[in-house]
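Undergrad:
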Amino acid sequence: MEDINQDNFLRPRFLAEFQGQEALKANLEVFIEAAKRRKEALDHLFISGPPGLGKTTLAGIVASELGVNFVLTSAPALEKPKDLAGLLTSLQEGSLFFIDEIHRLRPAIEEMLYIAMEDFEMDLIVGQGVGARSVRVPLPRFTLVGATTKPGSVSAPLHTRFGITIRINPYTQLELQDIIDRSARLLNIAIDPAAASLLAQSSRGTPRVANRLLKRVRDFAQVHHEATINLPISELALSRLQVDHLGLEDQDRTILRTLIEVYKGGPVGLQTLAIAVGESAESLEDFYEPYLVQQGLIMRTRQGRLATDLAYQHLNIPRPNAPRD
Ligand code: ADP
1 MEDINQDNFL RPRFLAEFQG QEALKANLEV FIEAAKRRKE ALDHLFISGP PGLGKTTLAG
61 IVASELGVNF VLTSAPALEK PKDLAGLLTS LQEGSLFFID EIHRLRPAIE EMLYIAMEDF
121 EMDLIVGQGV GARSVRVPLP RFTLVGATTK PGSVSAPLHT RFGITIRINP YTQLELQDII
181 DRSARLLNIA IDPAAASLLA QSSRGTPRVA NRLLKRVRDF AQVHHEATIN LPISELALSR
241 LQVDHLGLED QDRTILRTLI EVYKGGPVGL QTLAIAVGES AESLEDFYEP YLVQQGLIMR
301 TRQGRLATDL AYQHLNIPRP NAPRD
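Residue numbering for the sequence shown follows UniProt numbering, starting at 1 and increasing by one per position.
#1: Any idea what DSSP makes of Glu-2, helix, strand or coil?
#2: In terms of DSSP beta bridges, what is Met-299 paired with?
#3: Excluding the 5 residues preceding and the 5 following Arg-11 in the sequence, name in chain order all residues of the same chain whose CB lies nearer than 6 Å to its CB.
#4: Residues in its own chain within less than 8 Å of Tyr-114 by CB, not counting five upstream and five downstream?
#5: What would DSSP say about Asn-203, mapped onto helix, strand or coil?
#6: Pro-267 to Ile-180, Cα distance in whole Å?
#7: Regarding Gly-52 and ligand 1, is the C-beta to nearest heavy atom distance less than 7 Å?
#8: Is the beta carbon of Lys-55 less than 8 Å from the beta carbon of Ile-229?
#9: Given Glu-261, which residues of its chain have a CB within under 8 Å of its CB, disregarding the five upstream and five downstream residues?
#10: For a minimum of 3 consecutive residues, which ranges assigned as the beta strand (DSSP E) are wholly contained in the UniProt domain "AAA+ ATPase" (41-174)?
#11: Contact check, Val-209 vs Ile-233 under 8 Å by CB: the rounded distance?
#12: Taking 7 Å as the cut-off, is the CB of Ala-23 close to at least one heavy atom of ligand 1?
#13: For Gly-20, is the beta carbon positioned less than 7 Å from some heavy atom of ligand 1?
#14: Shortest alpha-carbon distance to Phe-62 belongs to which of Asp-83, Phe-18 and Glu-101?
#15: Assuming Leu-78 and Leu-45 are in contact, meaning their beta carbons sit under 8 Å apart, how far apart are those beta carbons, in whole angstroms?
#16: Looking at the strands, I want to know which residues DSSP matches up with Val-268.
#17: For Thr-228, which beta-bridge partners are listed by DSSP?
#18: What distance in whole Å lies between the Cβ atoms of Pro-138 and Leu-176, which are believed to be in contact at a cut-off of 8 Å?
Here you go:
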């Protein structure tokens, strides 16, 4: 049996189980159906969106719906051309080849991928030393699915080689509630609507966070002998996990507090703030900041990061001066 602590246990396998994102699903359904009718590989598919929103899940679903095999890798794992060559030669006709973090491909690998995507061929080096020569070998017609959290960092020549582009946006409160209800059913635990609503509200628009919170709240319910996840047990669990009603965790609040208390609300540069809170600039920018910006707690300006009035209110810190113009 599959381990229910694994991400995979709750991962939807078919489009009908994938909650929310209705417009995107409706389009994908058409592209999948058309490819099936033509008995052709689906066009290359580019999926962007923040972490935990379902990019890998969606790629797996497309493979199941098409009835083709799914080969999964990530750009940092492709160090040498032979790493990519090995995977390309393992593909079958129509296979779905998923590359996560596609913005991190090395230039030599990216060049190789252009030929594979466009001509379904690859250059192989045969022989050694002065006798070495390159031969073109055909590849089966496959579908490349490239996923990224940073679409702006993908080179234009790579981007234009994808025929279908989709962007997954954060989920609404109701969509997250549906995801929580479905996951609770799979985990075999009952949850009150009020509790599901609170968890949805604290999930940062992200299914992966929603599932994680649900599993932790389930632990509290079980230890407290509650047959159903109700509002009081959810509130208790979230407060013990230090997740507040906006879904901020300890480190998010540390970032805001540092910005306010050490740098007087800013502006402060990304690097300086990152060092002060013990994070790399990359993780601050990619992981923590997007949600803080989206919630209107931080502003990114050319001079640096600024705490908003809302950030002061959220942390219950009085703002010393009226904001400057
Ligand atoms: P990403 O690849 O974007 O980082 P994943 O595809 O790994 O995200 O999704 C994280 C988890 O969230 C999955 O294991 C899955 O259980 C859940 N999930 C994501 N999107 C959905 C969705 N639309 N409906 C239900 N569950 C979802």
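We put the CB at the ideal spot given by N, CA and C, even for glycine.
TA: A quick look at the data gives this:
#1: Unreliable placement is indicated for Glu-2, whose pLDDT of 48 sits below 50; no coordinate value is reported for it.
#2: Leu-306
#3: Thr-57
#4: Pro-157, Leu-158 and Arg-161
#5: It should be pointed out that residue 203 corresponds to Ser in this sequence rather than to Asn. Residue state, collapsed to three classes: coil.
#6: 38 Å
#7: Yes, ligand 1 has a heavy atom inside 7 Å of this Cβ.
#8: no
#9: The residues are Ile-317.
#10: 45-48, 70-74, 96-100, 121-126, 133-138, 143-148 and 164-167
#11: With 8 Å as the limit, Val-209 and Ile-233 do not qualify as a contact, their Cβ atoms being about 18 Å apart.
#12: no
#13: Gly-20: yes, Cβ under 7 Å from ligand 1.
#14: Note on identity: in this sequence residue 62 is Val, with Phe being the wrong assignment. Here the closest residue by C-alpha is Phe-18.
#15: The Cβ separation is near 18 Å, so there is no contact.
#16: Arg-305
#17: Ala-190
#18: Going by Cβ atoms, the distance from Leu-176 to Pro-138 rounds to 45 Å, so no, they are not a contact pair.
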